[in-house]
Structure formats: structure tokens, C-alpha cells
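Novice: Sharing a structure, written as C-alpha cells. Questions coming.
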Amino acid sequence: MRLTISNRSGRRTRLLVALTAAVALTATACGGDSDASSGGTSLVLADGAQTISAFNAPYSSWAKDHIWKDDGIDVDVEFTQGGTQSAQLVASGKADVSVVGLSSALSVAAQSPEVKIIAITGGNIWHLAVPNDSDVQSLTDLKGKTIGVQALNTGMYLYNRAALNLEGIDPDDDVTWLPIGTGAQAAEALNSGKVDAFATYDGPFEVVDGLTEGGMRLLPSPLDELDGSGAWIANAKVLEDHRDELVTFMQGMSKTAILAQQDPDAIIDYLWEENPDVKPRDVSDEQAMSDTTALVKAYWSKLANMGPEGSYGVLSDEAVKKAVEFHQDAGIVEGEIDIAKTFDLSVSEDADDYDHAAVEAEAAKGSVS
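Here the UniProt record's numbering is used: the first residue of the sequence shown is 1, the next is one more, and so on.
Structure follows, in C-alpha cells:
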């Protein structure tokens, strides 16, 4: 049965500053001409992170040059200005695949049948945070407060508006929103008291947390109940003509997720080997690795990890329906979403057909390739 859902209403400081630009626009949820659509074995991956960093290293560095390459897939990473642009490039056929925020995936898919969602990354990445010494303990305590946000056209703004609304706080009348950028600029707004809270997501939160006086903490949010907030998408024609390659591609990402959780140092070491300019300077190698893995831990736990079904990218039909309804009801996504036509998680289900235990054993020995 077809289901259609319509819209219903010190050292660490230096490291943090260095990573700020790399994560600044990833939250706008994440092209090039593709050889895959003409029968080749290459795929163009649109990455909305704008540049390579530790945050997107699992796919735009490690998997690209190891697992995907070993499996005969040449992945060409094209950096874009965010998830919406990446999704639009996939829709137009100028990119084959991308990993984006679920909001971007659904928004573009609602307008274009050429975007297919082939995987959903597990867990919620969107948060509202306050300084550790703040009196604010819950979202309802934010009434009358000023909330800083990177920009008003980002996923962190849309998702956290929805979170406030779910808690009975009018996101237009009960709070004030103030664009403050991210990184050092956002930290200064918090340190000076210009804003009382920060609408953010995993990645930028860790950066700003390390730059603020006294650190920050996350507030409990109804968004924490979301089973997924990111998505891998593919061009419809590429999916039709090269489904086997996409299954291999997603299997490579699944194996990379195991390595990211068991041996993150291997991924980061390779990133620094190939991109020495992104390695933190003026600290020991040990300190650089410790600081970097601490920064990416939360983000990788959602982006590069197995989902609630125990498989990378796979959610139950009920969870998919719940996610779509949430985005529609919260006003994050407008337009009709035909789940049967928009989602094809069978790609990720088929990609899960490999020996997980063997890959885990290889990861434990540092020999995944």
C-alpha cells in the first residue's frame, strides 16, 4: 500500500579554532558530472562540509581511498556549500550520492522524484546548549531568553525551533533568535552574555564548548527521541542503473562505521597523512589525537555507527514513518512525501550482508582496508 504524508502544520583552543571553519556549514543538513550514469564504476559524492576535516574523514577520506577503492569504486568527492545544495546536485544528476541532513533530503525529495533516500543515519545530532553555570535546566526555562544560532537558514535553527514548539514554547514570540556564527565568534557571544543559549549540533557544539569560559551542557530535548537525523541519498537514475554499485558503496560505509567506532585513530592518522594542513599544530601527536577524537566522538556516533536496527542506514518502516511525520508536523519540511517512492532502504539492507564479526576483528587489529 502506498503511503503519502502531506504537511500538517590553550592547546585545545588552537585545535578548536582550526576546526571551526571545517564544520561551519555542515548543518544546513551536507556535485560534478558522474561517470556512473554512463556505465562506469565511479561515483560523484557531494559533501556539504565545504572542506576535508576530521568530521567527514570517515567517508571523504578513509572509505574513498581504502574500502571503496579496493571494491572497484572510484569516488570523486566534490565539496559544496551545504546539504541543500548537495541534494539539489543529486536531483539534477550532477552528483550521484551525498550524505545530508534528513531535512534537506526530504525537502528536495518533496520537489524532485530524482532524489532517493537509501540510508538514514541513526540518532539525533541537533541540540540546544547553555553555559554550565546557567540557571536554565530545561527548554521551558528558555522563555524570554536570547538564543544564538549560526544562521537562520540552517538545520540547527529549524530543528531547534521545532524542539521548542514541542515543549510549548512559541519559537517566534517566546524567545529571541540572534545569528552569531560559530566557533570563536559564537563562544564570544556566549561568554559576554549576549546570548543565553546556543542552537547547535554535534560537531560545532564540541568546538564552542571548548572555547567558552566554563564549558557548556546540552539541554534535554524531544529531538533526542528521533531515530535518525541524517540521510544518504542517490540520484534515481543511478539507483536504477547501478544499484549493485550503490550496495557496494553503502557496504563500504557500513564497514567504515565499524572502524570509526573501534579504531578512530586509524582514520584520523590517514587524514593527517594525506592532508597535513588539517593536523593540529604546536601540540604533541598524542595530544593532537586525543583532542581530535574527543571532538568527533559524538558526531561519529551518529554519522558513522550502526542504527537502532543493528545495520548501517536501516530503520524500520514505523521509524521511517515517524521521522517523516515529525518533519512535516514540525514545519521543517513542506510538500508531499511519498514514502514508498522516496525511500529505498533495501540498498542498505542488502549492503548489510557481510561478516560483521570478521570486520570487527580486523578493526581490532587495525587491519581494515
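We treat Cβ as the ideally placed atom computed from N, Cα and C, and that holds for glycine. Treat the numbers as computed from the prediction; the structure is a model and nothing was measured.
(1) With DSSP as the reference, please indicate the residues paired to Leu128 in a beta bridge.
(2) Output the boundary residues of the alpha helix (DSSP H) element that contains Gly183.
(3) Quick one: any contact between the stretch 87–95 and the stretch 205–213, if contact means 3 or more CB pairs under 8 Å?
(4) Since Val99 contacts Gly230 with CB under 8 Å, what's their CB separation in whole angstroms?
(5) With distances taken Cα to Cα, identify the nearest neighbour of Asp76 among Trp62, Gln85, Ile52, Leu45.
(6) Going by DSSP, what residue range makes up the beta strand (DSSP E) through Asp329?
(7) I need the straight-line Cα distance from Phe249 to Ser103, nearest angstrom please.
(8) Roughly how far, in whole angstroms, is the beta-carbon of Ile73 from the beta-carbon of Leu315, given that I think they are within contact range, below 8 Å?
(9) What distance in whole Å lies between the Cβ atoms of Gly215 and Asn160, which are believed to be in contact at a cut-off of 8 Å?
(10) How far does the beta strand (DSSP E) with Gly313 in it reach, from first residue to last?
(11) I'd like to confirm the pairing. Which residues does DSSP put opposite Ala231 in its beta bridges?
(12) Give me the Cα-Cα distance between Met253 and Gln85, rounded to the nearest whole angstrom.
(13) Considering only residues of the same chain and omitting the five flanking positions on each side of Asp35, which have a CB-CB separation below 6 Å?
(14) Since Phe249 is in the beta strand (DSSP E), which residue starts that stretch and which ends it?
Specialist: Let me lay it out:
(1) Ala199
(2) Residues 183–191.
(3) no
(4) 6 Å
(5) Closest by alpha carbon: Leu45.
(6) First-last for Asp329: 317–329, but that is the alpha helix (DSSP H), not the beta strand (DSSP E).
(7) Looking at the two C-alpha atoms, the distance is approximately 23 Å.
(8) With 8 Å as the limit, Ile73 and Leu315 do not qualify as a contact, their Cβ atoms being about 24 Å apart.
(9) Between Gly215 and Asn160 the Cβ distance is about 20 Å, and since that is not below 8 Å, they are no contact.
(10) Element bounds for Gly313: n/a, residue is neither H nor E.
(11) Val100, Ile120
(12) 22 Å
(13) Low local confidence applies: a pLDDT of 47 at Asp35 is under 50, so the model's placement there is unreliable, with the coordinate-based value given in what follows. Counting only Cβ-Cβ distances below 6 Å, and skipping sequence neighbours, we find Ser42.
(14) Careful: Phe249 lies outside any beta strand (DSSP E), inside the alpha helix (DSSP H) at 243–262.
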